[in-house]
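Q:
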Amino acid sequence: MEEFKEELSNLLVEKHLFVFMYELCDLAPMIIDIDITNNGTNNYIKMPINFSGDVIIDYGDEIVKINNIEHTYKEAKTYQIKIYGEIDAFDCNAHYDNPKLRINQKGLGYITKILQYGESKMKKLNFYGCSNLVDIPDKLPITVTDISWLFFSCQNINKDLSKFITTQVTDMSFAFAYSSFNNSLASFDTSNVKYFDCMFLKALKFNQSLEHFSFENCYSSTNFITDAIQLEKQNSESCNF
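Below you can see the structure in the form of structure tokens.
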């Protein structure tokens, strides 16, 4: 029993040492604020990340896990999660594509803010189903090429995206579908986007101009603005897609 306790103690020290080393090397983590105060009885969350190397996750309750993206909190309150290491994707949509992961549907609703993306080289980024998300960083990571499902079904975020550089993005399908987003996308460069499918599907509040959108490399734009009532009125004649 004593040997087990010693091994457990060493393991905990090792995990915190990993965090210390990342911070010592000035390697910024991804930082996420969550709020589980109105969760009922489910304090479970699963980080919607893909990674190829090792990641260290500090769940904000003095629990640090290595390569373990699942966690259950003992208390229902606010926490700040820090993820150290290279993240390939922050892909909330994957939890809906895979029925086995849908248990985390409510867990995604705990996410309120993304404070920073850290030292990631992520290529895919979306907040599908993050119904209580209110803020994200001003800039898009330059490595991201896929923002499909970006704010799908997000009803509380209306972020200023004027500093988003999207020159490298190739997929914007479903990005604002079923969301309450209504802010200018004047900064969006869509010259390399291939997929616009359902980008504004049922985006009932969106009424911004899309005249500057380029469709020169468009491969598919099915239902691009279908049932986005305000958008259909304003852009149906000006968009050439």
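If you're matching positions, the sequence shown starts at 1338 in our numbering and goes up one per residue. Glycine included, C-beta positions come from ideal geometry on N, C-alpha and C. Bear in mind that the values here come from a model prediction, so they are computed numbers and not experimental data.
Distance check for Tyr1465 and Ile1664, CA to CA, integer angstroms please.
A: Summary: the structure shown does not reach residue 1664, with the chain confined to residues 1338 through 1578, and so no result is reported for it.
Q: Could you tell me whether the Cβ atoms of Asp1391 and Ile1403 are closer together than 8 Å?
A: In the sequence shown, the residue the question calls residue 1391 occupies position 54. In the sequence shown, the residue the question calls residue 1403 occupies position 66. Against a cut-off of 8 Å, the Cβ pair of Ile1403 and Asp1391 comes out as a contact.
Q: Rounding to the nearest angstrom, what Cα-Cα distance links Asn1347 and Phe1489 in this structure?
A: Looking up residue 1347 in the sequence shown gives position 10. Looking up residue 1489 in the sequence shown gives position 152. Unreliable placement is indicated for Asn1347, whose pLDDT of 48 sits below 50; no coordinate value is reported for it.
Q: If we call anything under 8 Å between Cβ atoms a contact, is Leu1479 one with Ile1502?
A: For this step, residue 1479 is matched to residue 142 along the sequence shown. For this step, residue 1502 is matched to residue 165 along the sequence shown. Correcting the residue identity first, residue 1479 is Ile in this sequence and not Leu. In contact: Ile1479 and Ile1502 (Cβ atoms closer than 8 Å).
Q: Which residue's Cα is closest to the Cα of Leu1538: Phe1511, Asn1430, Cys1555, Ser1557?
A: One-based indexing of the sequence shown puts residue 1538 at position 201. When each option's Cα is compared against that of Leu1538, the closest is Phe1511.
Q: Measure the CB-CB distance between Lys1414 and Thr1449 and report whether it falls below 8 Å.
A: Residue 1414 sits at position 77 when you count from the first residue of the sequence shown. Residue 1449 sits at position 112 when you count from the first residue of the sequence shown. No, the Cβ-Cβ distance between Lys1414 and Thr1449 is not below 8 Å.
Q: Per DSSP, what are the beta-bridge partners of Glu1407 in this structure?
A: Taking the sequence shown and counting its residues from 1, the one referred to as residue 1407 is at position 70. Glu1407 is bridged to Lys1383.
Q: Can you list, in chain order, the stretches of the beta strand (DSSP E) that have 3 or more residues and sit fully within the stretch 1520-1559?
A: The qualifying runs do not exist here; there are none.
Q: Give a yes or no on whether the C-beta atoms belonging to Asn1554 and Asn1520 are separated by under 8 Å.
A: By 1-based counting over the sequence shown, the position of residue 1554 is 217. By 1-based counting over the sequence shown, the position of residue 1520 is 183. Cβ atoms of Asn1554 and Asn1520: not closer than 8 Å.
Q: How about Lys1531 and Tyr1556: do their beta carbons lie closer than 8 Å?
A: Counting from one through the sequence shown, the residue named residue 1531 turns up at place 194. Counting from one through the sequence shown, the residue named residue 1556 turns up at place 219. Yes.
Q: By Cβ distance, which residues of its chain are closer than 8 Å to Cys1429, with the 5 residues on each side in sequence left out?
A: The residue labelled residue 1429 in the question sits at position 92 within the sequence shown. Result list for Cys1429: Pro1385, Leu1445, Asn1463, Phe1464, Tyr1465, Gly1466, Cys1467, Trp1486, in chain order.
Q: Beta strand (DSSP E) containing Gln1417: first to last residue?
A: The count along the sequence shown starts at 1 and reaches residue 1417 at position 80. Per DSSP, Gln1417 belongs to the beta strand (DSSP E) from 1415-1421.
Q: Lys1383 to Glu1407, Cα distance in whole Å?
A: Walking along the sequence shown from the start, residue 1383 turns up at place 46. Walking along the sequence shown from the start, residue 1407 turns up at place 70. Cα to Cα, the separation comes out at about 4 Å.
Q: Nearest-angstrom Cα distance between Asp1534 and Gln1417?
A: Taking the sequence shown and counting its residues from 1, one reaches residue 1534 at position 197. Taking the sequence shown and counting its residues from 1, one reaches residue 1417 at position 80. Whole-angstrom Cα-Cα distance: 34 Å.
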